[in-house]
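Numbering (my numbering), first residue to last: 1 to 294.
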Ligand code: G1P
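The following block contains the structure:
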């Protein structure tokens, strides 16, 4: 069955970025010319997904507005001779259907995914975290490769991984691979949420993209609050593996490097890298930076 559905959790408050995120969803923060979540949606569109469900929360209404078809703005640009700007709104016309539901209590990522159950029904689906861009201008096709592995191996889940330094493993879900004979595609013997460096089974960190059979819901229902007292998606995946589920990891390429928007240092770095890659202004900014750091 082709994978057409994607679930995009965007309910997290982004507390590490207060005051920026007080009324602005962290997924709407600009990185270069676009808000973060637009890169995520464009990536999913390119990978053939058709129906997107956002799991939202109280301060997230700007996300819904962003993906509306804004005829008033389009007409205004036409009437005022600014047709060249219409290109910037081309994303509004993507052949995608948007759905929104609220996570009414902040009980963790696993709980957010449970909110998608009736939308998903019996179909396989992608989960793409709405606050993470993979690759500059998100040109990669990691989700497409993950869907291929999912179908070829009749997997119960496929997860994107990126290798991280040892002092960062405590921030991520970490894979326990069966073996690393092929470092690009490997089966998981287990997965653990945010382990200490000493307990981490590897340095392969979950990189914000997943493909699931709907069977994951059976495990999510049984998952008790774990790390940080939240219902963790990672714990449900671990339970599925323990019950004999086939779960594979696919490694992101260097071009699909994960941009974390969750704290100021990584947010600033993400913006900088995208600004430097800007076709119109990148070179000028590079020169300015050289002068600034001389
Ligand atoms: C979540 C997941 C974690 C994953 C990370 C980045 O954590 O729980 O397993 O590695 O996203 O994809 P969060 O960053 O929401 O705390």
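The beta carbon of each residue, even a glycine, is placed where N, CA and C say it ideally should be. Values in this document were obtained by computation on a predicted structure and should not be read as measured data.
Coarse secondary structure for residue i, derived from DSSP in three states
i, result
"residue 236", "helix"
"residue 282", "helix"
"residue 222", "helix"
"residue 264", "helix"
"residue 50", "coil"
"residue 67", "coil"
"residue 141", "coil"
"residue 41", "helix"
"residue 258", "strand"
"residue 270", "helix"
"residue 289", "helix"
"residue 252", "coil"
"residue 20", "coil"
Length of the line joining the Cα atoms of residue i and residue j
i, j, result
"residue 283", "residue 289", "10 Å"
"residue 213", "residue 95", "24 Å"
"residue 220", "residue 106", "15 Å"
"residue 84", "residue 78", "9 Å"
"residue 55", "residue 98", "11 Å"
"residue 9", "residue 112", "7 Å"
"residue 25", "residue 16", "12 Å"
"residue 233", "residue 281", "40 Å"
"residue 104", "residue 57", "7 Å"
"residue 293", "residue 82", "38 Å"
"residue 201", "residue 180", "12 Å"
"residue 286", "residue 276", "6 Å"
"residue 229", "residue 34", "33 Å"
"residue 29", "residue 153", "37 Å"
Beta carbon proximity, residue i to chain E, threshold 8 Å
i, result
"residue 115", "Absent from the structure: chain E. Only one protein chain is present."
Anticipated Cβ contact below 8 Å, residue i with residue j, distance rounded
i, j, result
"residue 69", "residue 92", "5 Å"
"residue 211", "residue 150", "5 Å"
"residue 37", "residue 130", "5 Å"
"residue 197", "residue 169", "6 Å"
"residue 44", "residue 101", "Rounded, the Cβ-Cβ distance is 17 Å, inconsistent with contact."
Under 8 Å, with one C-beta from each stretch per pair, do the stretch 194-213 and the stretch 153-161 reach the 3-pair mark? yes
Is the stretch 259-267 in contact with the stretch 119-136, if contact means three or more CB pairs nearer than 8 Å? Touching, yes, given that three or more Cβ pairs across the two stretches are closer than 8 Å.
Fully enclosed by the stretch 177-228, which beta strand (DSSP E) runs are 3 residues long or longer? 185-193, 204-212
Three or more C-beta pairs closer than 8 Å, one from the stretch 233-249 and one from the stretch 171-185: is that the case here? yes
Taking 8 Å as the cut-off, does the stretch 180-194 touch the stretch 241-250 (at least 3 CB pairs, one atom from each stretch)? yes
Length-filtered (3 minimum) beta strand (DSSP E) runs lying within the stretch 102-173: 125-128, 132-134, 157-163, all fully within the stretch 102-173.
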